[in-house]
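Quick notes on the structure that follows.
There are 2 protein chains.
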Amino acid sequence: MKLYNWQFAPNCRRVRMFVLEKGMDLPAMSEVIGDGLRLTPDFIQMWPHAIVPLLELDDGTRFSEAMGICRYFEDINPEPNLLGSTPVERALVTMWERRAYDEGIIGTAEVVRNGLEAFHDRGLPGVTEVVPQIPALVERGQGRVRRFYDKFESQLRESRYVASDRFTFADITSLCAVDFAIFGGMPIPEACPSVKRWHANVSARPAAVSSA
Amino acid sequence: MKLYNWQFAPNCRRVRMFVLEKGMDLPAMSEVIGDGLRLTPDFIQMWPHAIVPLLELDDGTRFSEAMGICRYFEDINPEPNLLGSTPVERALVTMWERRAYDEGIIGTAEVVRNGLEAFHDRGLPGVTEVVPQIPALVERGQGRVRRFYDKFESQLRESRYVASDRFTFADITSLCAVDFAIFGGMPIPEACPSVKRWHANVSARPAAVSSA
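These protein sequence lines map, in sequence, to chains P and G. Going by the working numbering, the first residue of the first sequence is number 1, and it counts up by one from there. Going by the working numbering, the first residue of the second sequence is number 1001, and it counts up by one from there.
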């Protein structure tokens, strides 16, 4: 089993942290395919979708998408449970994990992909042709991240973890979103003390440190 | 159990079709909350996330996100299986379902939300404050949909259905994506005969007709 892994990509960190929380041997399966802020040309040639992370099984089956890979790992390695133990918990983990992705990670990606010179002509991930940056998306993305923080502040004021009273995959993706937002120049606002408390707590987990 | 349902929204259609494929009684649970191209103000007041679809259980628990709701339905009503029967099939359904969403539905949403006068100042879903349209996103969204068609043409040339040799949730989301793209002025290209063959086949299912 091989996990193609780009250190920079927040979607790869979601899977790295999931693997470490499962107690699986990450270094044994991880293959580095990114160089700083770029995927290596060899990887793109092998996988023209140019989407990471990518898991390759020993029989050659390949699939991408962090949620798909993590569902696979949860199926073959059920403990500790990270995707939910009951139908309702599974639905809530799926919902909050997706909110963190759609608002936090995608909002930050809009800011980074359309604002940093390093991503000139690479305005979208997963595309090998030229995609011009759209400067107006920087401001729109900042708004998405601001609303992400507000929404998660409301939720974390009521709940110790994002989707449940225990640590789940929703916390992993939310942590990756917040750390990506910090990278993108959008630290946790002062008005979000519950997010700060939760972030300090989750960041102290060994898997958070090792996956960063 | 109540499913808050906006007829226009492709994400609501994903769940409507899933429910019908499961043989569940959609009219008995469905509550209409959209008027043409707008959610009703009553719904937004009740659910400030302003995201649809939303499921409300009899005990008052609420969750949104089509994938979260469908996971819940698959758990409480396992047959016919639509999310995958084995770990690998579940991963492949998750991956392809997500590609159809991220490229087909989001690509079209960029075109529609940033191009149609009806969405003036509503450039993003799930936001109640003003989000100005960004005209440059129309072209970028068209590119995403063009690549979506190309990618699914390659896949459907090799496979009768999107993720597997049988009908799954990946076909539901892909159908909703294609029909949304057609609404957005991006019909299936002539260069994609396999997508056309698959689309005619899947569109003939009773659940496709009743959910449209």
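Cβ coordinates follow ideal geometry from the N, Cα and C atoms, glycine included.
Secondary-structure assignment with DSSP links G/R1062 through a beta bridge to G/E1056.
In the DSSP assignment, the residues bridged to P/V131 are P/R122. The continuous stretches of beta strand (DSSP E) do not include P/K22, and DSSP gives it neither H nor E. For the pair P/E21 and G/G1184, the Cα-to-Cα distance works out to about 43 angstroms.
With fewer than 16 other Cβ atoms inside 10 Å of its own Cβ, P/S210 counts as exposed. If you draw a straight line from the Cα of P/I182 to the Cα of G/R1197, it comes to about 46 angstroms.
Beta-bridge analysis with DSSP links P/G34 to P/L39.
When CB distances to chain G are screened at a threshold of 7 angstroms, the residues of the stretch 87 to 113 of chain P falling below it are P87, V88, R90, A91, L92, T94, M95 and R98, in chain order.
Listed along the chain, the chain G residues whose CB falls inside 7 angstroms of the CB of P/E158 amount to none; the nearest CB is some 14 angstroms away. The beta carbon of P/A212 is closer than 8 angstroms to those of R13 and D179 in its chain, skipping five residues each way along the sequence.
Interface residue (Cβ-Cβ distance to chain G less than 8 angstroms): P/R140 is classified as such. The straight-line gap separating the alpha-carbon atoms of G/E1190 and P/A208 is approximately 48 angstroms.
Rounded to the nearest whole angstrom, the C-alpha separation of P/V112 and P/F119 is 8 angstroms.
Apart from the 5 residues on each side of it in sequence, G/I1188 sits with its Cβ closer than 7 angstroms to the Cβ of Y1149, V1178, V1195, K1196 and H1199 in its chain, given in chain order. Nearest neighbour of G/R1038 by Cα position, chosen from G/P1193, G/Q1155, G/R1140 and G/D1121, turns out to be G/D1121. Using a Cβ-Cβ cut-off of 8 angstroms, P/V131 is close to R1140 and G1143 of chain G, given in chain order. By the C-beta density criterion, G/P1010 is buried, having at least 16 other C-beta atoms within 10 angstroms. With a cut-off of 8 angstroms on Cβ pairs, the stretch 78 to 87 of chain P is not in contact with the stretch 32 to 48 of chain P, counting fewer than three such pairs. Using a Cβ-Cβ distance cut-off of 8 angstroms, the stretch 122 to 129 of chain P and the stretch 45 to 53 of chain P are in contact, since at least three pairs of beta carbons, one from each stretch, lie closer than that value. Assigned with DSSP and collapsed to three states, G/N1201 falls in helix. Between P/I33 and chain G, the shortest Cβ-Cβ separation is not below 8 angstroms. Beyond the five residues adjoining it in sequence on each side, G/E1139 comes within less than 6 angstroms, by CB distance, of no other residue in the same chain.
P/D58 counts as exposed, since fewer than 16 other C-beta atoms from the protein chains shown sit within 10 angstroms of its C-beta. Taking a beta-carbon distance threshold of 8 angstroms, G/F1063 counts as an interface residue toward chain P.
For P/L26, the enclosing alpha helix (DSSP H) stretches over residues L26 to M29. Within the stretch 1065 to 1084 of chain G, those residues whose Cβ lies closer than 7 angstroms to any Cβ of chain P are, in chain order, E1065, M1067, G1068, I1069, R1071, Y1072, D1075 and I1076.
Closer than 8 angstroms to the CB of P/I134 there is at least one CB belonging to chain G. A distance below 8 angstroms separates the beta carbons of G/L1083 and G/R1071. Between G/F1018 and G/F1169, the gap from beta carbon to beta carbon is short of 8 angstroms. With fewer than 16 other beta carbons inside 10 angstroms of its own, P/V130 counts as exposed. Of the candidates G/M1001, G/G1023, G/D1025 and G/V1032, the residue whose Cα lies closest to the Cα of G/F1008 is G/V1032. With fewer than 16 other beta carbons inside 10 angstroms of its own, G/I1076 counts as exposed. The straight-line gap separating the alpha-carbon atoms of G/F1073 and G/A1091 is approximately 18 angstroms. Secondary structure note for P/N114: its alpha helix (DSSP H) is the uninterrupted segment I106 to G115. Listed along chain P, no residue sits closer than 7 angstroms to G/V1019 by beta-carbon distance, the nearest being about 14 angstroms off.
Between P/R146 and the set P/L3, P/M24, P/Y161 and P/I106, the nearest pair of CA atoms involves P/I106.
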